[in-house]
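Participant: Sending over a structure as structure tokens; questions will come in a sec.
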Amino acid sequence: MSFPLRALLLGLVTFFCFASSALAVDLKDVHSELEQGKAILIDVREEREWNEAHLEKAILVPGSEINSGEQNDKVLKLIKAKPEQKIYCHCKSGGRAKLCARVLGKLGVEVIPITDSYKKMVQAGFEEADTK
């Protein structure tokens, strides 16, 4: 392998390592920001998942509706109501949260995806709502 190709590959690997680590958030910080009213938490799971279990402070905006554009007005209204708040989104395992954050980012909305699992969020102290 030639030197320029090796240098390019090394650069790309380094870039993606740092880019993915930049997405990681500290769950304790997110929890604290929610408790202090400094953040909004959007649950991008689907309604049937929400009905089974959801976090006390979360707002349901299904990812399928964000991706289709159906719920983007709802998200924009949340932001306009309190523009100083950070916006986080979560799902079951992080994949849909990243996708929805990317879709909303294209609309100029900065949404921070939580890539930790729902289970890990509960273990970190996020309270589950009573769904009964």
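Numbers -24 to -1, 1 to 108, taken from mature numbering (1 follows the signal peptide of the UniProt record, and there is no 0), label the letters of the sequence shown in order. Glycine included, C-beta positions come from ideal geometry on N, C-alpha and C. Treat the numbers as computed from the prediction; the structure is a model and nothing was measured.
#1: Just how far apart, CA to CA, sit I18 and K82?
#2: In the DSSP assignment, find the beta strand (DSSP E) that holds I90 and state where it starts and stops.
#3: From the DSSP output, which residues share a beta bridge with I35?
#4: Kindly give me the distance between the Cβ atoms of L52 and V85, rounded to whole angstroms, as I take these residues to be in contact under 8 Å.
#5: Would R21 be called buried (16 or more neighbouring beta carbons within 10 Å of its own) or exposed?
#6: Are the CB atoms of I16 and I42 within a distance shorter than 8 Å?
Facilitator: Looking at the coordinates:
#1: To locate residue 18, count along the sequence shown from 1; it is residue 42. To locate residue 82, count along the sequence shown from 1; it is residue 106. About 17 Å.
#2: One-based indexing of the sequence shown puts residue 90 at position 114. Where I90 is concerned, there is no enclosing beta strand (DSSP E), given that its DSSP letter is neither H nor E.
#3: Position 59 of the sequence shown holds residue 35. Beta-bridge pairing links I35 to I18.
#4: Walking along the sequence shown from the start, residue 52 turns up at place 76. Walking along the sequence shown from the start, residue 85 turns up at place 109. Contact flag correct, Cβ pair sits at about 7 Å.
#5: Here residue 21 is taken as the residue at index 45 of the sequence shown, counted from 1. Burial call: buried.
#6: Locating residue 42 in the sequence shown gives position 66, counting from the first residue. Locating residue 16 in the sequence shown gives position 40, counting from the first residue. Not closer than 8 Å, so no.
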